[in-house]
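**Q** Pasting a structure below so you can have a look.
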Amino acid sequence: MREPTPEQIRDEQIYRSLGLTDSEYALVVEKLGRHPNYVEAGIFGVLWSEHCSYKSSKAHLRRFPTNGRQVLQGPGENAGVVDIGDGMAVAFKMESHNHPSAVEPYQGAATGVGGILRDIFTMGARPVAFLDSLRFGPLDDVRTRYLFEQVVAGIGGYGNCVGIPTVGGEVQFSPTYRGNPLVNAMCVGILPADGMMRGTATGVGNPVFVVGARTGRDGIHGATFASAEDPEEKERSAVQVGDPFLGKLLMEACLELIASGAVVGIQDMGAAGLTSSSAEMASRAGGGIEMVLDHVPVREDGMTPYEMMLSESQERMLVVLERGREDIAFEIFRRYGLEVADVGRVTDDGRLRLCWHGEVVADIPVTALVDEAPVYERPIAPWAGPQLEDIPTTLSIRDAWLQLLAHPSVADKRWVYRQYDTMVRAATVEGPGADAALVKVPGLDKAIAMATDGNSRYVALNPKRGGQIAVAEAVRNLATVGAKPLAITNCLNFGNPEKPDVMRQLSDAIDGMAEACLALDTPVVSGNVSLYNESRGVDIQPTPVVGAIGVLEGIQRRIPSTPPKALIEEHWSDWALWILGREDDCLDGTLYGELAVGRPVGDAPYVNLAEERRVHDLLQTLSAKSMVVAAHDVSEGGLAVTVAEMLMGVDAGGEIECADGFNLHGWLFSEAQGRVVVVVDRARAEALGAIAEAAGVPARPLGSLAEHKQIVVKLAGQSVMTLGIAELRQAYEEAIPAAMAAHIQGVAEAGD
Amino acid sequence: MKWAVVVFPGSNCDHDAAQAVRDVTGDMVDLVWHDVTDLAAYDAIILPGGFSYGDYLRSGAIARFSPAVDAVAKEAAAGKLVLGICNGFQVLTESHLLPGALLRNDHLQFRCETVELIVENHTSPFTCAYRPGERIRIPIAHGEGRYYADETLRQRLAADGRIAFRYADNPNGSVDAIAGVLNDRGNVLGLMPHPERAVAAWMTSQDGRLLFESMHRFVEEGSYARANA
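Chains as they are written, first to last, in the numbering used here: chain A, 26 to 777; chain B, 747 to 975.
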């Protein structure tokens with residue numbers, strides 16, 4: 026089949042099928058000074074796609090704070106990098122793989138993990154941890170159970186094999202994701218603070234190499250499909266297939282090559298493969314790249330330049346080496362049995378030039394592809410403000426408590442994370458289930474703290490405040506384990522940006538997140554935007570997911586989410602529960618409200634960023650002084666869930682006393698932010714109160730631990746209800762396994 | 747004493763094992779690439795966990811053909827200590843240095859958690875520092891860890907004291923809850939759990955230390971020379 030001519034592309038509007046609108050096509054013609062041929066039109070199509078160009082979000086993303094003393098590399102590279110002291114740094118980024126996972130969940134999730142892994146080692150960092158933020162519809166749906174099972178298997182299938190522990194993340198379930206699940210994968214790596222690599226193609230005449238896997242026909246148009254189509258209509262052929270074994274070898278070979286000092290620039294071939302990697306590397310260097318496509322190792326005969334440039338075959342990298350040191354690369358890659366091919370040169374003419382069979386098949390100014398890609402100020406609908414409504418307390422406290430613990434968003438996630446290798450690399454100090462994961466830094470008495478969070482219910486009800494909460498919750502998780510928060514990455518999962526309501530959500534959420542980042546001193550150093558998350562024309566609830574990074578000085582200073590049993594079981598009565606932060610009894614935005622009414626209700630929960638910051642600072646002080654033996658923050662499900670999780674974890678009972686003047690329903694189930702429950706030795710409780718007061722944080726004795734294995738709730742000194750830990754535990758631990766038990770398909774590609 | 751950790755393409759617990767040995771024993775440890783043909787310089791050899799050659803075809807099925815495994819077999823025959831952890835255990839059964847086979851977990855999922863083991867043999871070079879019947883906590887992380895042996899072999903393993911560890915609560919459907927087995931001479935141990943992940947105060951357990959200490963003591967105290975005398 027012959028490719029269409031430039032005239033046919035124009036006359037038959039073939040550019041539309043390549044992802045270009047009429048006006049974008051006209052802009053291409055203007056930038057090029059002629060009509061693009063098929064290869065060129067395809068290249069513009071993918072690089073100007075929403076997925077690669079961020080054309081709808083770019084104007085808004087500029088409002089994120091990206092600077093700080095701790096920031097070594099902000100957005101714009103393959104990953105952000107922050108300083109963690111002692112000459113070490115952390116590279117991290119989160120990325121979405123929502124659309125492929127909706128179509129082919131195992132491979133969609135696996136290649137999401139593989140892709141983010143390459144972004145991290147590209148920076149010269151040794152990857153040390155994965156976290157995954159997942160969203161699905163309700164588990165009563167057979168397709169949802171299939172997606173959930175396969176996404177978890179895919180994450181494990183890739184992560185377990187490459188030998189990087191999956192140490193954290195979250196999974197939430199809501200009807201909003203029924204037709205459009207979210208799969209956001211985060212990877213964290215460690216590198217010397219002065220050893221960062223960049224994705225730049227500098228040094229005229231330096232050779233350009235394609236390394237790793239061969240290029241096949243898989244994933245062609247992945248980037249444009251991700252940006253423009255309904256998942257229901259997506260083609261499986263656009264989904265790539267991952268090979269974690271190859272990914273592991275590629276990682277080891279690239280880290281060895283980077284360590285040799287011969288690498289000028291290196292870039293993962295992710296979305297839009299060879300096209301985006303070459304154009305972006307040239308763009309960052311302000312130069313050009315010339316490639317001879319005949320030299321690209323291909324998986325099958327007869328591949329055209331168009332197919333080679335748009336292929337999204339996995340486990341490939343583009344590397345620019347210092348001229349004269351090519352032998353190093355050949356030696357290393359051959360030892361690992363990987364392909365390495367010299368495909369071109371760095372130029373200074375600012376053009377991406379592709380040759381094939383002795384002819385120039387594409388010749389495009391790099392700036393037109395990357396820097397001058399269209400940026401849209403899409404219309405934003407006005408917002409009427411939050412809905413003000415009374416939230417009925419029709420659901421009894423006992424029923425609500427059990428239903429909340431059994432809600433799959435709250436329930437025990439062991440079914441998920443025991444399918445992940447959480448301990449490989451033998452550096453996991455706290456794995457999944459903790460408020461934040463902790464991974465030890467080799468050779469130092471320090472750990473990287475990491476957490477992901479993001480609650481779409483809050484953002485749907487009040488986008489700006491919801492954005493603030495997304496950052497506040499993720500960062501609070503770090504502080505709760507005693508770590509100092511440093512920076513965040515994010516995935517902005519939103520609906521169709523061509524709808525003014527969706528743009529309003531996006532814009533407001535970004536404003537809220539930006540305010541929280543400033544208040545909590547956690548700049549945004551990397552991130553990703555996933556738009557068009559919709560199913561049959563219905564957009565998902567706006568879901569900004571935040572991945573936060575911090576550092577814990579002194580492994581001994583970590584604060585666990587439940588007290589060590591051996592410590593407390595000798596003298597139960599010695600231990601008191603305290604609550605830090607402003608107490609609240611408002612049911613706005615709560616999961617309780619959603620269960621009672623059947624939809625998200627009211628405004629987003631209370632948050633105050635200045636108060637939030639003081640709580641975070643206080644937690645670090647408590648960690649440094651070893652004042653508390655456990656801390657767990659109040660989040661989805663409210664204080665009721667926090668206390669239950671803490672007590673179930675240590676198999677203890679306890680008594681809690683409602684604060685004066687509060688409505689008991691509201692006090693138990695409010696999801697107001699900035700609150701943390703701690704366990705403290707009674708002998709030190711007075712000191713705790715004094716430290717909190719000095720820090721400007723309200724603190725109150727909440728109750729006590731007890732041996733009787735019941736939660737007793739008191740109001741004005743009177744016991745008003747009692748719930749058995751065993752009953753709560755059953756609801757909490759059996760919800761997900763019971764939903765999935767009837768659904769064993771056993772198709773996971775596990776090994777080891 | 748001197749240790750080797752064999753690195754296959756796809757091994758991913760190689761550094762963990764080497765680090766654990768260094769931390770626990772203070773001994774010298776070399777990481778050796780899978781194309782090594784001579785391991786005579788080492789007193790103990792570890793085949794680490796991971797996914798050797800991607801575990802394509804079947805776990806450990808390709809690794810058995812590597813030059814390193816020939817070298818391991820030679821040293822095992824000479825009485826050196828050989829420890830196969832997880833994927834290393836799978837390589838040892840595939841290469842017939844240990845009897846039996848490792849199948850897909852009965853629940854068909856990968857399983858990672860810290861489990862309780864019972865020390866069934868406390869006199870082997872790998873377990874001599876444990877107390878008889880001691881219950882220890884060691885992490886597992888595998889998708890294909892269901893040990894299988896036929897009736898005859900099971901009886902022989904039990905009678906000869908070659909079951910080193912059993913699971914207190916069988917996590918994968920292994921026959922007789924077997925977690926680790928010894929060869930007939932007692933100098934080769936394969937186990938699915940990861941002792942190298944249980945060697946520090948901040949890990950979920952420190953019970954793996956005694957396994958490496960056992961091996962160190964066995965070699966340093968000359969028991970191994972005596973056994974070969």
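Idealized CB from N, CA, C, for every residue including glycine.
How is the beta strand (DSSP E) around W977 of chain B delimited, first residue to last?
**A** Residue coverage of chain B in this structure runs from 747 to 975, which leaves residue 977 of chain B outside it and unanswerable.
**Q** Check whether the stretch 466-482 of chain A touches the stretch 42-56 of chain A, counting contact only when three or more Cβ pairs, one atom from each stretch, lie closer than 8 angstroms.
**A** As far as the Cβ criterion goes, the stretch 466-482 of chain A does not touch the stretch 42-56 of chain A, which means the pair count is below three.
**Q** Which term fits S951 of chain B, buried or exposed, when burial requires 16 or more other beta carbons within 10 angstroms of its beta carbon?
**A** Looking at its Cβ environment, which holds 16 or more other Cβ atoms inside 10 Å, S951 of chain B is buried.
**Q** Is the shortest distance between the beta-carbon of D273 of chain A and the beta-carbons of chain B less than 9 angstroms?
**A** It should be noted that the sequence gives Lys, not Asp, for residue 273 of chain A. Judged by the 9 angstroms Cβ criterion, K273 of chain A is in contact with chain B.
**Q** Rounded to the nearest angstrom, what separates G184 of chain A and V115 of chain A at their Cα positions?
**A** Distance between the alpha carbons of G184 of chain A and V115 of chain A: 19 angstroms.
**Q** Taking Cβ positions only, does N916 of chain B come closer than 9 angstroms to chain A?
**A** Answer no: the Cβ-Cβ gap between N916 of chain B and chain A never drops below 9 angstroms.
**Q** Looking at chain A, is there any beta carbon in it that lies within less than 9 angstroms of the beta carbon of P755 of chain B?
**A** Chain A contact via Cβ: present.
**Q** Per DSSP, what kind of secondary structure is F872 of chain B in: helix, strand or coil?
**A** In the structure shown, F872 of chain B sits in coil (DSSP, three-state: anything other than H, G, I, E or B).
**Q** Hey, which unbroken runs of the alpha helix (DSSP H) at 4 residues or more fall wholly within the stretch 789-824 of chain B?
**A** Fully enclosed alpha helix (DSSP H) runs of 4 or longer: 813-823.
**Q** If you run the structure through DSSP and keep just helix, strand and coil, what is I330 of chain A?
**A** The identity of residue 330 of chain A in the sequence shown is Pro, whereas the question assumes Ile. Looking at P330 of chain A - three-state DSSP - the assignment turns out to be helix.
**Q** Would a C-beta distance cut-off of 9 angstroms place S81 of chain A and R403 of chain A closer than the cut-off?
**A** In this structure, R403 of chain A lies closer than 9 angstroms to S81 of chain A by Cβ.
**Q** Let me know if V563 of chain A comes out buried or exposed under the rule of 16 or more other beta-carbons within 10 Å of its beta-carbon.
**A** Exposed.
**Q** Can you list, in chain order, the stretches of the beta strand (DSSP E) that have 3 or more residues and sit fully within the stretch 509-584 of chain A?
**A** The stretch 509-584 of chain A contains these whole beta strand (DSSP E) runs: 509-518, 549-555 and 568-578.
**Q** Mind listing the chain B neighbours of C443 of chain A? Cutoff is C-beta to C-beta under 7 angstroms, in chain order.
**A** The sequence shown places Arg at residue 443 of chain A, rather than the Cys named in the question. By Cβ distance, chain B contributes R857, C858 and E859.
**Q** Could you say which of A:R709, A:G575, A:A731 and A:N633 lies nearest to K650 of chain A if we only look at CA atoms?
**A** The candidate whose alpha carbon is nearest that of K650 of chain A is A:R709.
**Q** Between which two residues does the alpha helix (DSSP H) holding Q7 of chain A run?
**A** A question about residue 7 of chain A goes unanswered here, because the residues of chain A that appear run from 26 up to 777.
**Q** Using a Cβ cut-off of 9 angstroms, pull out every chain A residue sitting near C759 of chain B, in sequence order please.
**A** Here the neighbours are G188, V449, R450 and A451.
**Q** Would a C-beta distance cut-off of 9 angstroms place S338 of chain A and A178 of chain A closer than the cut-off?
**A** Not in contact: S338 of chain A and A178 of chain A (Cβ atoms no closer than 9 angstroms).
**Q** Give the range of the alpha helix (DSSP H) segment to which S42 of chain A is assigned.
**A** That residue, S42 of chain A, is in no alpha helix (DSSP H); it is neither H nor E in DSSP.
**Q** Rounded to the nearest angstrom, what separates I574 of chain A and Y788 of chain B at their Cα positions?
**A** Approximately 42 angstroms, taken between the alpha carbons.
**Q** In the structure shown, what three-state DSSP assignment does P125 of chain A receive?
**A** DSSP places P125 of chain A in helix when its eight states are reduced to three.
**Q** Between A:T225, A:V167, A:N487 and A:T477, which lies nearest to P407 of chain A when the distance is taken from Cα to Cα?
**A** Nearest option by C-alpha distance: A:N487.
**Q** When the Cα atoms are used, what is the spatial distance from E257 of chain A to P217 of chain A?
**A** Annotation note: pLDDT 46 at E257 of chain A (below 50); position unreliable, coordinate value reported separately. About 45 angstroms.
**Q** Can you tell which of A:D642, A:L282, A:I291 and A:G228 has its C-alpha closest to the C-alpha of F355 of chain A?
**A** The option with the nearest alpha carbon to F355 of chain A is A:L282.
**Q** Measuring alpha carbon to alpha carbon, tell me which residue in A:S158, A:D157 and A:R143 is nearest R151 of chain A.
**A** Among A:S158, A:D157 and A:R143, the Cα nearest to that of R151 of chain A belongs to A:R143.
**Q** At the level of alpha carbons, what is the spacing between A914 of chain B and A766 of chain B?
**A** When rounded, the distance between both Cα atoms is 24 angstroms.
**Q** Under a three-way DSSP split, which group does K273 of chain A fall into?
**A** Of the three classes helix, strand and coil, the one that applies to K273 of chain A here is helix, per DSSP.
**Q** Going residue by residue through the stretch 337-405 of chain A, where are the continuous alpha helix (DSSP H) segments of at least 4 residues, counting only ones entirely within it?
**A** Listed in chain order, the complete alpha helix (DSSP H) runs (minimum 4 residues) inside the stretch 337-405 of chain A are 351-360 and 391-394.
**Q** In angstroms, rounded to a whole number, what distance separates the CA positions of G579 of chain A and G520 of chain A?
**A** So the two alpha carbons sit approximately 43 angstroms from each other.
**Q** Considering only C-alpha positions, which residue in the set A:N518, A:A210 and A:G193 is nearest to T453 of chain A?
**A** T453 of chain A has its Cα closest to that of A:G193, out of A:N518, A:A210 and A:G193.
**Q** Measure the C-alpha to C-alpha separation of A669 of chain A and G112 of chain A and round it to an integer number of angstroms.
**A** Computed Cα separation, rounded: 41 angstroms.
**Q** Rounded to a whole number of angstroms, what is the C-alpha to C-alpha distance between L829 of chain B and K465 of chain A?
**A** Straight-line Cα distance between these residues: approximately 26 angstroms.
**Q** Can you check whether the CB of V395 of chain A is closer than 9 angstroms to the CB of R376 of chain A?
**A** Their beta carbons are not under 9 angstroms apart, which means R376 of chain A does not touch V395 of chain A by this criterion.
**Q** List the whole-angstrom C-beta distance separating D922 of chain B from R908 of chain B, where the pair is believed to meet the contact cut-off of C-beta under 8 angstroms.
**A** That belief does not hold up - the Cβ atoms of D922 of chain B and R908 of chain B are roughly 12 angstroms apart, past 8 angstroms.
**Q** Starting from K465 of chain A, find everything on chain B with Cβ-Cβ shorter than 8 angstroms and list it in chain order.
**A** Within chain B, the residues near K465 of chain A are W948.
**Q** Please report the distance separating the alpha-carbon of F610 of chain A from that of I416 of chain A.
**A** Checking the displayed sequence, the identity of residue 610 of chain A turns out to be Asp instead of Phe. C-alpha separation (whole angstroms): 12 angstroms.
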